[in-house]
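K.L.:
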Amino acid sequence: MLTDTHTHLNAPQFEEDRQAVIERALESGISRIINVGFNRETIPSSIALAEQYDFIYSTVGWHPQDAKDMTPDDLIWIEQLCSHEKVVAIGEIGLDYYWDTSPKEVQHRVFREQIRLAKKVGLPIVIHNRDAHHDIIQILREEKASEVGGVMHCFSGSWETAKMCLDMNFYISFGGPVTFKNAKQPKEVLAKVPMDRLLIETDAPYLTPHPFRGKRNETAYVKLVAETAAEIKGLPLEELAHATTQNAVTLFGLR
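In this note's numbering, the protein residues as written are 7 to 261.
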């Protein structure tokens with residue numbers, strides 16, 4: 007049984023066939039799904055989806071791209087939602103220096119505020135990191151994020167960065183890009199990540215794995231990520247699936 011630890015099934019790309027997408031995920035052996043709410047629009051729809059399906063859970067958080075739009079009332083709202091029985095983490099939060107849609111100093115403030123909130127409510131955090139490895143690590147250390155831990159979503163950094171994250175009580179998650187033929191560094195890092203700290207995801211509808219690269223991603227394709235990870239680790243698919251699902255259950259406190 008597989009777990010997709012990061013997906014966006016509430017995205018408009020699934021408006022026409024969401025139920026069919028979910029059914030295909032179940033047919034592919036996915037037993038649990040973490041759906042990510044990351045701003046004022048997606049948080050309510052993510053929670054609604056989790057309320058509709060027993061096996062879907064939700065995160066709540068504020069994406070760094072939207073950091074400039076977050077108000078103090080939004081932070082209070084997120085804190086209130088953390089008591090919902092299907093909310094299992096705060097995220098995705100972090101830094102994004104690629105799109106540059108919010109000033110860096112605003113991203114830093116919003117990131118720190120949400121780490122502090124996670125520590126207050128006792129939930130793990132889901133980290134979005136785009137071209138910001140050094141600052142992510144520095145803020146996680148300064149805010150003592152190891153107290154709650156979490157997951158480095160769709161990890162793209164070096165083994166040195168991964169080691170620093172592991173030392174701070176974080177899991178390392180891989181998505182579709184690890185299946186790409188030219189994904190030398192992600193494959194090398196995955197090979198070194200301890201099995202009790204490894205997670206898999208899709209980030210659907212984005213980052214579609216090989217051989218469907220360029221098309222819409224969906225949760226069922228987490229099996230393709232699992233197959234690549236099992237090959238890299240030299241393990242049977244069933245063993246990889248069991249281990250990564252157990253890691254997800256442990257991190258997110260899933261039923």
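By construction, the Cβ of each residue, glycine as well, lies at the ideal position given by its N, Cα and C atoms.
Does the Cβ of serine 52 have 16 or more other Cβ atoms within 10 Å, making it buried, or fewer, making it exposed?
P.N.:
As a working mapping, residue 52 is identified with position 46 in the sequence shown. With 16 or more Cβ atoms within 10 Å of its Cβ, serine 52 is classed as buried.
K.L.:
According to DSSP, what are the bridge partners of threonine 9?
P.N.:
Position 3 of the sequence shown holds residue 9. Paired residue(s): Arg38.
K.L.:
With contact counted as at least three CB pairs below 8 Å, one residue from each stretch, are the segment 155-170 and the segment 191-203 in contact?
P.N.:
With a cut-off of 8 Å, the segment 191-203 and the segment 155-170 count as touching, because enough Cβ pairs lie within range.
K.L.:
Which class does histidine 90 belong to by DSSP, given the choice of helix, strand or coil?
P.N.:
Residue mapping note: residue 90 aligns to position 84 of the sequence shown, counting from 1. Coil.
K.L.:
Determine whether the beta carbon atoms of leucine 205 and threonine 65 lie at a separation below 8 Å.
P.N.:
The sequence position of residue 205 within the sequence shown is 199, counting from 1. The sequence position of residue 65 within the sequence shown is 59, counting from 1. No, the Cβ-Cβ distance between leucine 205 and threonine 65 is not below 8 Å.
K.L.:
Determine the closest residue to leucine 101 out of Pro215, His248, Thr77, His140, with distance taken between C-alpha atoms.
P.N.:
As a first step, residue 101 is located in the sequence shown; it is residue number 95 there, counting from the start. Considering only alpha carbons, the answer is His140.
K.L.:
Pull the bridge partners of phenylalanine 176 from the DSSP assignment, please.
P.N.:
The residue labelled residue 176 in the question sits at position 170 within the sequence shown. Looking at the DSSP output, phenylalanine 176 shares a beta bridge with Gly156.
K.L.:
Using the Cα positions of isoleucine 131 and methionine 7, report the straight-line distance between them to the nearest angstrom.
P.N.:
Your numbering for residue 131 matches position 125 in the sequence shown. Your numbering for residue 7 matches position 1 in the sequence shown. So the alpha carbons of these two residues sit roughly 24 Å apart.
K.L.:
For serine 64, write down the residues that DSSP places opposite it in a beta bridge.
P.N.:
Counting from one through the sequence shown, the residue named residue 64 turns up at place 58. Serine 64 pairs with Asn41, Val93.
K.L.:
So, are the CB atoms of alanine 247 and threonine 13 less than 8 Å apart?
P.N.:
Counting from 1 along the sequence shown, the entry for residue 247 is found at position 241. Counting from 1 along the sequence shown, the entry for residue 13 is found at position 7. Cβ atoms of alanine 247 and threonine 13: not closer than 8 Å.
K.L.:
Can you name the residues that DSSP bridges to glycine 100?
P.N.:
Mapped onto the sequence shown, residue 100 falls at position 94. Paired residues: His134.
K.L.:
For the beta strand (DSSP E) containing leucine 230, list its first residue and its last residue.
P.N.:
Start at 1 with the first residue of the sequence shown, and residue 230 comes out as number 224. No beta strand (DSSP E) contains leucine 230, which is instead part of the alpha helix (DSSP H) from 228-239.
K.L.:
Which residues bound the alpha helix (DSSP H) around leucine 196?
P.N.:
As a first step, residue 196 is located in the sequence shown; it is residue number 190 there, counting from the start. Taken as a continuous stretch (DSSP letters only), the alpha helix (DSSP H) holding leucine 196 covers 190-198.
K.L.:
Around the C-beta of glycine 182, are 16 or more other C-beta atoms found within 10 angstroms, so that it is buried, or is it exposed?
P.N.:
Along the sequence shown, read from residue 1 onward, the residue named residue 182 stands at position 176. Sixteen is the threshold: when 16 or more other Cβ atoms of the shown chains lie within 10 Å of the Cβ of glycine 182, as they do, the residue is buried.
K.L.:
To the nearest angstrom, report how far apart lysine 198 and lysine 92 are at their CA atoms.
P.N.:
Walking along the sequence shown from the start, residue 198 turns up at place 192. Walking along the sequence shown from the start, residue 92 turns up at place 86. In a straight line, the C-alpha of lysine 198 is about 32 Å away from that of lysine 92.
K.L.:
Please classify tyrosine 104 as buried or exposed, where buried requires at least 16 other C-beta atoms within 10 Å of its C-beta.
P.N.:
As a first step, residue 104 is located in the sequence shown; it is residue number 98 there, counting from the start. It is exposed - the Cβ of tyrosine 104 has fewer than 16 other Cβ atoms within 10 Å.
K.L.:
Tell me whether leucine 205 sits in a helix, a strand or coil according to DSSP, three-state version.
P.N.:
The count along the sequence shown starts at 1 and reaches residue 205 at position 199. Under the three-state reduction of DSSP, leucine 205 is assigned to strand.
K.L.:
Mind reading off the beta-carbon distance from tyrosine 227 to threonine 208? Whole number of angstroms is fine, and I expect it under 8 Å.
P.N.:
As a working note, residue 227 is residue 221 in the sequence shown. As a working note, residue 208 is residue 202 in the sequence shown. The pair is a contact, with the Cβ atoms about 6 Å apart (cut-off 8 Å).
K.L.:
Since histidine 69 and histidine 134 are thought to touch, with beta carbons under 8 Å apart, how far apart are those beta carbons, to the nearest angstrom?
P.N.:
Within the sequence shown, numbered from 1, the residue matching residue 69 stands at position 63. Within the sequence shown, numbered from 1, the residue matching residue 134 stands at position 128. Yes, histidine 69 and histidine 134 are in contact; Cβ-Cβ is about 6 Å, under 8 Å.
K.L.:
Short of 7 Å in beta carbon distance, which residues of its chain neighbour leucine 196, apart from the five on each side in sequence? Order them along the chain.
P.N.:
The sequence position of residue 196 within the sequence shown is 190, counting from 1. Once the five neighbours on either side are set aside, the close Cβ partners of leucine 196 are Phe180, Val184, Ala235, Ile238.
K.L.:
Please report how far the alpha carbon of leucine 257 lies from the alpha carbon of glycine 240, in whole angstroms.
P.N.:
Position 251 of the sequence shown holds residue 257. Position 234 of the sequence shown holds residue 240. For leucine 257 and glycine 240, the distance between alpha carbons rounds to 24 Å.
K.L.:
Under a three-way DSSP split, which group does leucine 123 fall into?
P.N.:
Residue 123 sits at position 117 when you count from the first residue of the sequence shown. Helix.
K.L.:
By the 10 Å Cβ neighbour count, where 16 or more other Cβ atoms means buried, how is serine 108 classified, buried or exposed?
P.N.:
Stepping through the sequence shown from its first residue, residue 108 is reached at position 102. Per the 10 Å Cβ criterion, buried.
K.L.:
Helix, strand or coil: which one does DSSP assign to glycine 182?
P.N.:
Taking the sequence shown and counting its residues from 1, the one referred to as residue 182 is at position 176. Note: glycine 182 maps to helix in three-state DSSP.
K.L.:
Cα separation between proline 244 and arginine 38?
P.N.:
Your numbering for residue 244 matches position 238 in the sequence shown. Your numbering for residue 38 matches position 32 in the sequence shown. As written in the sequence, residue 244 is glutamate, which differs from the proline given in the question. Those two C-alpha atoms are separated by around 15 Å.
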